[in-house]
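In this note's numbering, the protein residues as written are 297 to 546.
The C-beta atom is built at its ideal place from N, Cα and C for all residues, glycine as well.
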Ligand SMILES: C[S@@+](CC[C@H](N)C(=O)[O-])C[C@H]1O[C@@H](n2cnc3c(N)ncnc32)[C@H](O)[C@@H]1O
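Printed below as a string of structure tokens:
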């Protein structure tokens, strides 16, 4: 699990690396929440990290609460919320075991649920989310299905003279439902260059992990998207690659 990692223990560098304009993602979440849950006034983000999406979703209207297991990430997010004045809060908690109720819409971004390695962890997560949502509420999950060795992404972001190059790649298949992957941040800060590396197992999410498993906890898949375009809804999800699932609390 990535709760305690070199990368997540350095939230500023993570935040620069993931610091692209979040408008597309935020508008997508707000639109999809309204479309599938209607009347959304409270939002929950699971594994909110530095709060880069949480704060912007809250600025869009709904009161938003984020959970993160990592104390450095949660502290960074709290500072961002304070500065922004957005109607949001962050709580340090484990997304496999938390107690909240009355939430209209929840989301988890950038494959965060792959940190839940076992069936037990994933089921415990769905149970907590299901209890947190009101009937008719939705859980929107942005995830990568069946990642394989060779999958790789590389990008670079810059802020205030600090630049970070990120390389994510799948290194190996560990078991049928686990891969070993690596996120490397190469930081260039005032001519000092150093690396932060997080190499750890992730869940190799299957389609069943986003359909049969949540269904057991009253979370019914009602829509699938392939990108952050609300018009990009597809009838059936792909077997592999990025997918955004909408699970509705029935
Ligand atoms: C890939 S980051 C995503 C952060 C943020 N959602 C974003 O879009 O930038 C995943 C986050 O999930 C958190 N996390 C991992 N396992 C967790 C758990 N069991 N409960 C709560 N948070 C967890 C990590 O600490 C990290 O901040």
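Reduced DSSP secondary structure (H/G/I, E/B, other) of residue i
i, result
"residue 414", "coil"
"residue 512", "coil"
"residue 528", "coil"
"residue 490", "strand"
"residue 299", "In this prediction, residue 299 scores a pLDDT of 44, lower than 50, which makes its location untrustworthy; the coordinate-derived value is nonetheless stated afterwards. Coil."
"residue 547", "Here the chain covers residues 297 to 546 and nothing more, so residue 547 does not appear."
"residue 393", "strand"
"residue 500", "coil"
"residue 333", "helix"
"residue 522", "coil"
"residue 517", "strand"
"residue 312", "helix"
"residue 339", "strand"
"residue 546", "coil"
"residue 406", "coil"
"residue 536", "coil"
C-alpha gap between residue i and residue j, whole angstroms
i, j, result
"residue 325", "residue 353", "8 Å"
"residue 332", "residue 428", "17 Å"
"residue 380", "residue 416", "37 Å"
"residue 480", "residue 444", "18 Å"
"residue 327", "residue 507", "22 Å"
"residue 476", "residue 323", "32 Å"
"residue 504", "residue 340", "23 Å"
"residue 551", "residue 502", "Lying outside 297 to 546, the shown extent of the chain, residue 551 is not represented and no answer is given."
"residue 393", "residue 421", "6 Å"
"residue 310", "residue 543", "28 Å"
"residue 346", "residue 314", "10 Å"
"residue 317", "residue 343", "19 Å"
"residue 474", "residue 410", "9 Å"
"residue 529", "residue 406", "18 Å"
"residue 299", "residue 365", "Only weak support is given to the placement of residue 299: the predicted model assigns it a pLDDT of 44, under 50, and the question is left unresolved by the model."
Proximity winner among the options, relative to residue i (alpha-carbon distances)
i, options, result
"residue 382", "404, 388, 351, 363", "351"
"residue 483", "516, 360, 492", "492"
"residue 367", "384, 417, 302", "302"
"residue 349", "365, 384, 526", "384"
"residue 497", "408, 379, 397, 392", "408"
"residue 319", "329, 312, 356", "356"
"residue 377", "391, 362, 442", "362"
"residue 359", "537, 452, 386, 485", "386"
"residue 485", "469, 503, 464, 454", "454"
"residue 466", "345, 494, 412, 544", "494"
"residue 538", "469, 513, 448", "448"
"residue 423", "470, 412, 512, 306", "512"
"residue 516", "330, 395, 437, 500", "437"
"residue 329", "531, 419, 526", "526"
"residue 451", "312, 307, 306", "312"
"residue 321", "464, 524, 530, 545", "524"
"residue 509", "391, 397, 414", "414"
Any non-hydrogen atom of ligand 2 within 6 Å of residue i CB
i, result
"residue 364", "This structure lacks ligand 2; its bound ligands are ligand 1."
Next on the checklist: Any contact between the region 366-378 and the region 322-340? By contact I mean 3 or more CB pairs, one from each, below 8 Å.
Outcome noted: no
Checklist entry - Can you find at least 3 beta carbon pairs, one from the region 430-439 and one from the region 392-411, that sit closer than 8 Å? => result With the cut-off at 8 Å, the region 430-439 and the region 392-411 touch.
Next on the checklist: I want to know whether the region 519-526 touches the region 453-467 - three or more CB-CB distances under 8 Å.
Outcome noted: no
Item to check | Runs of alpha helix (DSSP H) lying entirely within the region 420-488, each at least 4 residues, in chain order | outcome: none
Checklist entry - In the region 343-403, which residue ranges form an unbroken alpha helix (DSSP H) of at least 4 residues, counting only runs that do not cross its ends? => result 348-355, 367-380
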